[in-house]
Ligand code: C5P
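Residue numbers (UniProt numbering): 180 to 402.
Below you can see the structure in the form of structure tokens.
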């Protein structure tokens, strides 16, 4: 059995994609499977934490003993996550939140007419940044998926959203990122230090990320 070092901690995890409706039958979304977030939620629970999983629509069964809040849109996820964070010691932001959402949702199915169709979009609210802004001494971790200037982009995201560490998954690496069962990550910290990990199953990657969370709370001289 695992050491239950996170007993007494309550931790928010966001996971999965958001879905932004266009009309009653159409939507904008992304390829996030939710696997990474669910694996982290399971690992946190096994180490004794109370876990609140705010999740978009996925094909996965939530881990046993994890409190789950199902949401659909970015706005619903924003409300559920910021509310849950009030009673949390940490947040792990794994969700692939839509950056834009339709300005209006049509009440009835939009008919096919002319050739081109433009959908007016408006930016969604950044959940990680909102939580980072109010976190105080609590821990906030996030993810970055970058195609270019990976480290610089991830580091500036970490600072802008006031995260304690950010998990960079590279699309350059085969077997990393969306959908699959494996991932290859680099953890970038606030002080500029980093740890590069090899290609592993998402379960093993989750254990590495949860080790980083434990280290955040461990007495510094014990490391
Ligand atoms: O800015 P970008 O979307 O690349 O940042 C990714 C990180 O921010 C992830 O941790 C993601 O869960 C979080 N995020 C969020 N709310 C948004 C957009 C991103 O929590 N609206």
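For every residue, glycine included, the Cβ atom is placed at its ideal position computed from N, Cα and C.
How would you call residue i, buried or exposed, if buried means at least 16 neighbouring beta carbons within 10 angstroms?
i	result
residue 301	exposed
residue 226	buried
residue 362	buried
residue 191	buried
residue 346	buried
residue 196	buried
residue 240	exposed
residue 331	exposed
residue 385	buried
residue 216	buried
residue 292	exposed
residue 360	exposed
residue 295	exposed
residue 374	exposed
residue 348	buried
Express the C-alpha separation of residue j and residue i in angstroms, rounding to a whole number.
i	j	result
residue 270	residue 312	12 Å
residue 223	residue 382	11 Å
residue 337	residue 366	11 Å
residue 257	residue 376	31 Å
residue 235	residue 260	11 Å
Output needed for residue i: all residues of its chain with C-beta closer than 8 Å, excluding positions within five of it in sequence on either side, in chain order.
i	result
residue 203	285, 286, 287, 288
residue 341	308, 311, 312, 314, 319
Comparing alpha-carbon positions, which option in the options lies nearest residue i?
i	options	result
residue 323	315, 333, 314, 317	333
residue 314	343, 282, 231, 186	343
residue 283	299, 274, 291	299
residue 219	380, 187, 341	380
residue 277	373, 384, 209	209
residue 237	370, 275, 259	275
residue 264	373, 390, 189, 397	189
Contact check, residue i vs residue j under 8 Å by CB: the rounded distance?
i	j	result
residue 184	residue 393	5 Å
residue 280	residue 303	5 Å
residue 231	residue 273	Not confirmed; about 13 Å, so no contact.
Tell me which residues share the same chain as residue i and place their Cβ nearer than 6 Å to its Cβ, disregarding the 5 neighbours each side in the sequence.
i	result
residue 214	381
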